[in-house]
Amino acid sequence: MDAIDKKILMLLQEDAKQNTKEIAEKVGLSVSPTFERIKKLEQKKYIKNYVALLDADKIGKSISVYCQVTLAVHSRELIDDFKQHILVLPEVTGCFHVSGNYDFLLKVAVNDMNEYQKFVINKLSVIKGISNVQSSFVMEEIKNDFAYNL
155 MDAIDKKILM
165 LLQEDAKQNT
175 KEIAEKVGLS
185 VSPTFERIKK
195 LEQKKYIKNY
205 VALLDADKIG
215 KSISVYCQVT
225 LAVHSRELID
235 DFKQHILVLP
245 EVTGCFHVSG
255 NYDFLLKVAV
265 NDMNEYQKFV
275 INKLSVIKGI
285 SNVQSSFVME
295 EIKNDFAYNL
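Going by this note's numbering, the sequence shown opens with residue 155, and the numbers climb by one from there.
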């Protein structure tokens, strides 16, 4: 990956709806080589997907919660079981297996406190092997970038 590829990736992170001609003009290439570079970046999985970033408030997901989950035992069986359960929970928008004082960090998006309570009681607490859940509620989003600085 050279400097032009990095610039293409930065431009696509900024606005993935730009067409190849617009990107080509910004990186100083013609359309064909720019198109080929984008295709190669996709094939090599530098670009995993193209998505639309939504406004959480406008779609009724105004509460963001970070849950620190600790498992009772660190066994492969419990870890795999936990992962499988989390994958199908639509409220969970991020799940990270971490080191430190807890085992997993979940990012949860819900409409209100009532929905979060139901999520914890009916979906999270029924997963076998969880010994502790601590929740931190986002009061204000200061920075939430999805782009990597290249």
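Where a beta carbon is used, it is the ideal one built from N, C-alpha and C, also for glycine.
The beta carbons of Val205 and Tyr256 sit no closer together than 8 Å.
When C-alpha distances from Leu259 are compared across His228, Gly248, Phe291, Tyr302, the shortest belongs to Gly248. Checking the DSSP bridge columns, you'll see Thr224 partnered with Asn286.
Taking the Cα positions, Gln197 is about 10 Å away from Arg191. For Phe236, the three-state secondary structure derived from DSSP is helix. In this structure, the beta-carbon distance from Asn265 to Lys202 does not fall below 8 Å. If you draw a straight line from the Cα of Phe250 to the Cα of Ile217, it is about 19 Å long.
The stretch 233-246 and the stretch 272-289 touch, with three or more beta-carbon pairs separated by less than 8 Å.
For Val264, the enclosing beta strand (DSSP E) stretches over residues 258-264.
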